[in-house]
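Visitor:
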Amino acid sequence: MTLTHTTSPAFDLPIVLPAGETVFAVGDVHGMADHLLRMRALLRRRASEVPGPATLVMLGDYIDRGPASVRALTALAEPHAQPGLTERFLIGNHDAMLRAVLDPTVPAPVRQRNRDRWLFNGGASVLLELGLADRFPTEIDAITALLREALPAEVIGFLNALEPCAIFGRVILTHGGIHPSVRVEALEHYFAASTDDPGRDSYHWVRQDFLESRPETRSSASALAGRFVVHGHTPSVPTLMPHRLGIDTGCYQTGVLTAVEMTGARARLHHVHPEEVEVPVLRDLLRADVSGGGAGG
379 MTLTHTTSPA
389 FDLPIVLPAG
399 ETVFAVGDVH
409 GMADHLLRMR
419 ALLRRRASEV
429 PGPATLVMLG
439 DYIDRGPASV
449 RALTALAEPH
459 AQPGLTERFL
469 IGNHDAMLRA
479 VLDPTVPAPV
489 RQRNRDRWLF
499 NGGASVLLEL
509 GLADRFPTEI
519 DAITALLREA
529 LPAEVIGFLN
539 ALEPCAIFGR
549 VILTHGGIHP
559 SVRVEALEHY
569 FAASTDDPGR
579 DSYHWVRQDF
589 LESRPETRSS
599 ASALAGRFVV
609 HGHTPSVPTL
619 MPHRLGIDTG
629 CYQTGVLTAV
639 EMTGARARLH
649 HVHPEEVEVP
659 VLRDLLRADV
669 SGGGAGG
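Take 379 as the starting number for the sequence shown in my numbering and just add one per residue.
1. Is the beta carbon of GLU507 sitting closer than 9 Å to the one on ALA446?
2. How about VAL407 and GLY444: do their beta carbons lie closer than 9 Å?
3. Quick check: the Cα distance between ARG548 and ILE625, rounded to an integer number of angstroms?
4. Kindly indicate which three-state DSSP category PRO593 falls into: helix, strand or coil?
5. I need the DSSP call for GLY503, collapsed to helix, strand or coil.
6. Would you please verify whether the beta carbon of THR380 is less than 9 Å from any beta carbon of chain B?
7. Any idea if ALA571 is buried or exposed, counting beta-carbon neighbours within 10 angstroms, 16 or more meaning buried?
8. Would you kindly work out how many angstroms separate the C-alpha atoms of ARG493 and HIS611, rounded to a whole number?
9. Let me know if ALA403 comes out buried or exposed under the rule of 16 or more other beta-carbons within 10 Å of its beta-carbon.
10. Can the beta-carbon of HIS621 be found less than 9 Å from the beta-carbon of SER598?
11. How about HIS582 and ASN471: are their beta carbons less than 9 Å apart?
12. Which residues in the same chain as VAL615 place their Cβ atom closer than 8 Å to its Cβ, once the five residues preceding and following it in sequence are excluded?
13. For GLY535 and LEU414, I'd like the C-alpha separation in whole angstroms.
14. Does the count of Cβ pairs from the region 494 to 514 and the region 460 to 468 closer than 8 Å reach three?
15. Taking only runs of the beta strand (DSSP E) that begin and end inside the region 522 to 583, which ones reach a length of at least 3 residues, in chain order?
16. Starting from the C-beta of LEU623, find all residues in its chain whose C-beta is less than 6 Å away, skip the five residues before and the five after it, and write them out in chain order.
17. Apart from the five residues just before and just after SER669, which ones in its own chain have a Cβ nearer than 6 Å to its Cβ?
18. Report the rounded CA-to-CA distance for ASP574 versus LEU537, giving the unit in angstroms.
19. Run through the DSSP bridge pairs and tell me what THR636 is partnered with.
20. Expressed to the nearest angstrom, what Euclidean distance is found between the alpha-carbon atoms of VAL428 and LEU463?
21. Taking only runs of the alpha helix (DSSP H) that begin and end inside the region 406 to 472, which ones reach a length of at least 4 residues, in chain order?
22. Under the DSSP definition of a beta bridge, which residues are partnered with THR612?
23. Once you ignore the five residues that flank ALA528 on each side, which residues in its own chain have a CB closer than 7 Å to its CB?
24. Quick one: residues in its chain with C-beta nearer than 6 Å to the C-beta of LEU434, no 5 flanking neighbours on either side, listed in chain order?
25. Where does MET379 fall in DSSP's three states?
26. What is the rounded straight-line gap between the Cα of ASP412 and the Cα of LEU451?
27. According to the neighbour-count rule (16 or more other Cβ atoms, all chains shown, within 10 Å of its Cβ), is PRO515 buried or exposed?
28. Note down the Cα distance separating ASP519 from ILE545, rounded to an integer number of angstroms.
29. Have a look at ILE521 and VAL479 and give me their C-alpha separation to the nearest angstrom.
30. Note down the Cα distance separating SER426 from PRO593, rounded to an integer number of angstroms.
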């Protein structure tokens with residue numbers, strides 16, 4: 379498979395990043411290591427071309443479903459120093475499930491629930507890659523021990539160091555989103571919550587309540603008021619709304635890995651994909667919704 383890349387025309391954001399900042403964000407990888415390596419090389423090159431400092435943020439869900447989760451994790455765990463570029467790695471719900479299973483200090487019933495969720499959501503692809511699919515035990519302590527033995531120590535360390543979010547002024551990057559019921563004063567606590575046994579409203583699991591939130595239906599004290607979220611987690615065409623930009627294009631199914639490059643109030647999308655695959659077009663709902671107040675109001 380020959381991969382290429384495509385860059386979209388620039389478009390306007392409803393909010394402005396801090397002056398001088400260039401931020402890149404990459405959507406869900408899900409075991410598509412070749413796409414990841416091609417995208418990372420592209421964005422590192424772009425970062426060397428922009429004026430001022432740049433930050434590259436991976437939005438999480440590096441594993442499951444695709445064929446090369448461990449290779450993706452191993453590549454991400456390798457230290458990289460590039461002048462003017464900071465790289466940050468966020469946690470997705472799939473990464474959190476595996477991390478909990480790997481942690482012997484997490485209570486056994488919680489690890490067991492994470493094991494069940496993880497396998498139900500595509501974790502079997504990791505077992506296949508590790509050669510464990512035919513000899514995977516049922517007892518949770520044995521599972522934890524076997525996975526800790528099979529995975530490189532640097533990969534386990536990488537998973538343990540994943541962050542909940544990256545914040546640039548009033549722009550928040552996180553895996554799934556922010557539930558609209560979260561108040562401004564509770565935002566720090568929301569992102570500090572344990573990922574071992576989360577609810578469906580957590581930042582790495584939330585979906586519809588966040589995706590469909592509108593200014594007229596949420597409190598003015600909501601953490602979403604006046605903020606803009608860049609996220610993955612929910613596969614779709616890239617979607618721009620007054621409060622969010624979603625860039626998970628379902629790479630393991632579509633063959634398209636998407637990233638966004640943002641400077642000031644302008645952005646453009648980068649796609650890595652096979653030559654024969656058509657890239658998705660931005661679904662811009664901002665113009666239609668802007669009269670409702672928008673993320674900047």
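Glycine included, each C-beta is placed from N, C-alpha and C at the ideal position. These figures come from a predicted structure and were not determined experimentally.
Guide: To lay it out plainly:
1. In contact: GLU507 and ALA446 (Cβ atoms closer than 9 Å).
2. Cβ atoms of VAL407 and GLY444: closer than 9 Å.
3. 18 Å
4. helix
5. Here the sequence assigns Ser to residue 503, which means Gly is not the residue at that position. DSSP places SER503 in helix when its eight states are reduced to three.
6. Checking the listed chains, one finds no chain B in this structure; it contains a single protein chain.
7. Exposed: under 16 other Cβ atoms inside 10 Å.
8. ARG493 and HIS611: Cα-Cα distance of roughly 19 Å.
9. buried
10. no
11. yes
12. THR627, PRO658, VAL659, LEU660 and ARG661
13. 20 Å
14. no
15. 543 to 546 and 549 to 552
16. Correct list, in chain order: VAL608.
17. At SER669 the pLDDT is 34, less than 50, meaning the model places this residue with poor confidence and gives no usable figure here.
18. Cα atoms of ASP574 and LEU537: separation of roughly 13 Å, rounded to the nearest angstrom.
19. HIS649
20. C-alpha separation (whole angstroms): 10 Å.
21. 411 to 427 and 447 to 455
22. Under DSSP, THR612 forms no beta bridge with any residue.
23. LEU508 and LEU510
24. PHE402, LEU421 and GLU465
25. Assignment of MET379 by DSSP, reduced to helix, strand and coil, places it in the coil class.
26. ASP412 and LEU451 have their C-alpha atoms some 12 Å from each other.
27. exposed
28. 37 Å
29. 8 Å
30. Computed Cα separation, rounded: 38 Å.
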